[in-house]
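Notes follow once the structure below has been shown.
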Amino acid sequence: MKRTKKVYPVKEIPNIKEQILHWVNQFSVCSFLDNHQYDSAHHSVECIAAAGEISRITGPNTAESIDVFYQTNQDWLFGHFSYEYNAKYLDGTQLKNPIHFSDAFFFRPAHILTLNEEWLTIESYSLLPEAIFEEICTTKIVLDHIEPISITACITKEKYITTIQQLQAHIQQGDCYEINFCQEFHSKNALVDPIALYRQLTKLSPTPFACYYKENNAHLICASPERWLKKQGNQIISQPIKGTVKRALTDPQKDTQLKKELFESSKDRSENVMVVDLVRNDFSRVCKPGSVLVDELYGIYSFPQVHQMISTISGQLMDEVGIKELVETGFPMGSMTGAPKKKVMELIHQYEPIERGIFSGAVGYINPNKDFDFNVVIRSLLYNSQTHYLSYLVGSGITIYSNPELEYEECLLKAKAMETVLGN
Numbered sequence: 320m321k322r323t324k325k326v327y328p329v330k331e332i333p334n335i336k337e338q339i340l341h342w343v344n345q346f347s348v349c350s351f352l353d354n355h356q357y358d359s360a361h362h363s364v365e366c367i368a369a370a371g372e373i374s375r376i377t378g379p380n381t382a383e384s385i386d387v388f389y390q391t392n393q394d395w396l397f398g399h400f401s402y403e404y405n406a407k408y409l410d411g412t413q414l415k416n417p418i419h420f421s422d423a424f425f426f427r428p429a430h431i432l433t434l435n436e437e438w439l440t441i442e443s444y445s446l447l448p449e450a451i452f453e454e455i456c457t458t459k460i461v462l463d464h465i466e467p468i469s470i471t472a473c474i475t476k477e478k479y480i481t482t483i484q485q486l487q488a489h490i491q492q493g494d495c496y497e498i499n500f501c502q503e504f505h506s507k508n509a510l511v512d513p514i515a516l517y518r519q520l521t522k523l524s525p526t527p528f529a530c531y532y533k534e535n536n537a538h539l540i541c542a543s544p545e546r547w548l549k550k551q552g553n554q555i556i557s558q559p560i561k562g563t564v565k566r567a568l569t570d571p572q573k574d575t576q577l578k579k580e581l582f583e584s585s586k587d588r589s590e591n592v593m594v595v596d597l598v599r600n601d602f603s604r605v606c607k608p609g610s611v612l613v614d615e616l617y618g619i620y621s622f623p624q625v626h627q628m629i630s631t632i633s634g635q636l637m638d639e640v641g642i643k644e645l646v647e648t649g650f651p652m653g654s655m656t657g658a659p660k661k662k663v664m665e666l667i668h669q670y671e672p673i674e675r676g677i678f679s680g681a682v683g684y685i686n687p688n689k690d691f692d693f694n695v696v697i698r699s700l701l702y703n704s705q706t707h708y709l710s711y712l713v714g715s716g717i718t719i720y721s722n723p724e725l726e727y728e729e730c731l732l733k734a735k736a737m738e739t740v741l742g743n
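Our numbering numbers the first residue of the sequence shown as 320 and each following residue consecutively.
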């Protein structure tokens, strides 16, 4: 079974990206991944979208089933792993996440659209590319209008500060070194257009790992700046983020000073290097001895809302390592857990009242050569279009040096773009 493939010039079509987004959204399952023209040494693809479900892989053994799929197929898969996918050993005391994404879900798409500044490549099993291109080009873009949505904090600021102090007691006792603690904000009766939310969020905060992703009634509206894991050939890379400071966009001198302060921050450096060591340890279990490298430590990168501290770790895979081994050794990612990973996941389960679901998980694709790229699901709105539940989660890395008040302020900073889009 082969897809029909055709390439079209699109340089003179100003709204082509938005038209593609609207076109794929007609399907019950779709994925729209956008790099927003960020220049990077590890760039994969500018924009790629997938829609229509030929077959799916889901359930508790998804990673293993993906490896089985590629034993007999050379095709694309798009999908996600939720945070709880690798947490089967934890009991069920947390509230289930009400957005209702699967713990893991991948689909073999009927249609794939790959876009850069000049060309759109359309591949389809069931439709002629010409027909798809015509439908896309005639799609009307409606101006977005989002009514303000009132958001409620899942826990109070006082409860948050008390919880951070309790977590610091665990650190003091030697249970862990650093832990990522997240809190949820939600609306239980939000009537919104997820596409409008995505367009507004990425207009305000365009990021290199943004995505609009839908699994039936569950919608992810994501403006993530972070990559979890990329594979190209036998090389894998991870780029964890630890360290955040606000921008001063109207004051270039102050903005430069804030970058310098972030780079020199001992607290942020300690968080970052802990996660780097955690990734190095994860990689050492699947990579050839001596091949794991820290390509960049404490890199400072600027985004529309914040400056971030990002490090890059790479390694050369051992022979026959598949998705199953990579997920078992490296997921969920250390930047969203802490160290040591198993213990902090137990503490997260104990202190966070609700499951994270797809938040802190990963969305991405695997291509026919078994190369892949996955983001970290942060800076995201989550919406269930059947129950009208809307939420977002934000968190920060807690160490013994953390100031609970400042950690709370960091959470609000990370939520700023989502709050602005929601009219707050």
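Note that CB positions come from ideal geometry on N, CA and C, so glycine has one too. None of these values were measured; they are calculated from a predicted model.
The alpha helix (DSSP H) enclosing residue i, as first and last residue numbers
{"i": "Ser524", "result": "From DSSP, Ser524 is part of no alpha helix (DSSP H); its letter is neither H nor E."}
{"i": "Asp587", "result": "Ser585 to Ser603"}
{"i": "Tyr702", "result": "Segment Ser699 to Asn703 is the beta strand (DSSP E) holding Tyr702; no alpha helix (DSSP H) there."}
{"i": "Gly411", "result": "Counting along the chain, Gly411 falls outside any alpha helix (DSSP H), and DSSP gives it neither H nor E."}
{"i": "His489", "result": "Lys476 to Gln491"}
{"i": "His668", "result": "Lys660 to Tyr670"}
{"i": "Lys643", "result": "Ile642 to Gly649"}
9 Å Cβ cutoff met for residue i and residue j
{"i": "Cys366", "j": "Thr475", "result": "no"}
{"i": "Ala288", "j": "Tyr404", "result": "With the chain covering only 320 through 743, there is no way to say anything about residue 288."}
{"i": "Leu396", "j": "Phe426", "result": "yes"}
{"i": "Ile418", "j": "Ile431", "result": "no"}
{"i": "Thr345", "j": "Asn536", "result": "Residue 345 is actually Gln in this sequence, not Thr. For Gln345 and Asn536, no; Cβs fall outside 9 Å."}
{"i": "Gly398", "j": "Ser350", "result": "yes"}
{"i": "Asp319", "j": "Gly552", "result": "In the structure as shown, the chain starts at 320 and stops at 743, and residue 319 therefore has no counterpart that could be examined."}
{"i": "Ser654", "j": "Asn499", "result": "yes"}
{"i": "Gly649", "j": "Phe602", "result": "yes"}
{"i": "Met628", "j": "Lys561", "result": "yes"}
{"i": "Pro623", "j": "Leu516", "result": "no"}
{"i": "Pro513", "j": "Tyr702", "result": "yes"}
{"i": "Ser679", "j": "Gly716", "result": "no"}
{"i": "Glu738", "j": "Ile465", "result": "no"}
{"i": "Ser633", "j": "Leu612", "result": "yes"}
{"i": "Ile455", "j": "Gln338", "result": "yes"}
{"i": "Cys501", "j": "Ile373", "result": "no"}
{"i": "Glu503", "j": "Gly657", "result": "no"}
{"i": "His355", "j": "Ala529", "result": "yes"}
{"i": "His505", "j": "Tyr684", "result": "no"}
Boundaries of the beta strand (DSSP E) in which residue i is found, first to last residue
{"i": "His419", "result": "His419 -> no beta strand (DSSP E), and no H or E assigned at all."}
{"i": "Val625", "result": "Val625 to Gln635"}
{"i": "Phe691", "result": "Phe691 to Asn694"}
{"i": "Thr563", "result": "Ile560 to Lys565"}
{"i": "Thr440", "result": "Trp438 to Ser443"}
{"i": "Cys730", "result": "Unbroken run through Cys730 is the alpha helix (DSSP H), Pro723 to Lys733; no beta strand (DSSP E)."}
{"i": "Lys777", "result": "Within the shown structure, residues of the chain are numbered from 320 to 743, placing residue 777 beyond reach of any answer."}
{"i": "Tyr708", "result": "Tyr708 to Ile717"}
{"i": "Gly683", "result": "Ala681 to Ile685"}
{"i": "Ser543", "result": "Ala537 to Ser543"}
{"i": "Ser654", "result": "Where Ser654 is concerned, there is no enclosing beta strand (DSSP E), given that its DSSP letter is neither H nor E."}
{"i": "Arg675", "result": "Premise fails: Arg675 is in no beta strand (DSSP E) and is neither H nor E."}
{"i": "Val613", "result": "Leu612 to Ser621"}
{"i": "Glu497", "result": "Glu497 to Ser506"}
{"i": "Arg322", "result": "Per DSSP, Arg322 belongs to no beta strand (DSSP E) and is neither H nor E."}
{"i": "Leu548", "result": "Arg546 to Gln551"}
Status (buried if at least 16 other CB within 10 Å, exposed otherwise) for residue i
{"i": "Glu639", "result": "exposed"}
{"i": "Trp796", "result": "Beyond the ends of the chain as shown, which are 320 and 743, falls residue 796; an answer cannot be given."}
{"i": "Ile719", "result": "exposed"}
{"i": "Tyr408", "result": "exposed"}
{"i": "Gln484", "result": "exposed"}
{"i": "Pro687", "result": "exposed"}
{"i": "Asp692", "result": "buried"}
{"i": "His626", "result": "buried"}
{"i": "Asp614", "result": "exposed"}
{"i": "Ala370", "result": "buried"}
{"i": "Thr521", "result": "buried"}
{"i": "Lys660", "result": "buried"}
{"i": "Thr481", "result": "exposed"}
{"i": "Thr391", "result": "exposed"}
{"i": "Asn745", "result": "Because residue 745 is not part of the residues shown, which for the chain are 320 to 743, the question remains open."}
{"i": "Lys336", "result": "buried"}
{"i": "Pro527", "result": "buried"}
{"i": "Val326", "result": "exposed"}
{"i": "Ala368", "result": "buried"}
{"i": "Ala382", "result": "buried"}
{"i": "Thr631", "result": "buried"}
{"i": "His538", "result": "buried"}
In chain order, which continuous runs of the beta strand (DSSP E) of length 3 or greater are located wholly inside the segment 328 to 402?
-> 348 to 353, 366 to 377 and 396 to 400
So does the segment 537 to 557 actually touch the segment 688 to 704, counting three or more Cβ pairs closer than 8 Å?
-> yes
Do the segment 553 to 569 and the segment 589 to 602 make contact, defined as three or more Cβ pairs closer than 8 Å?
-> Yes, the segment 553 to 569 is in contact with the segment 589 to 602.
Do three or more CB pairs link the segment 717 to 734 to the segment 562 to 579 at distances below 8 Å?
-> yes
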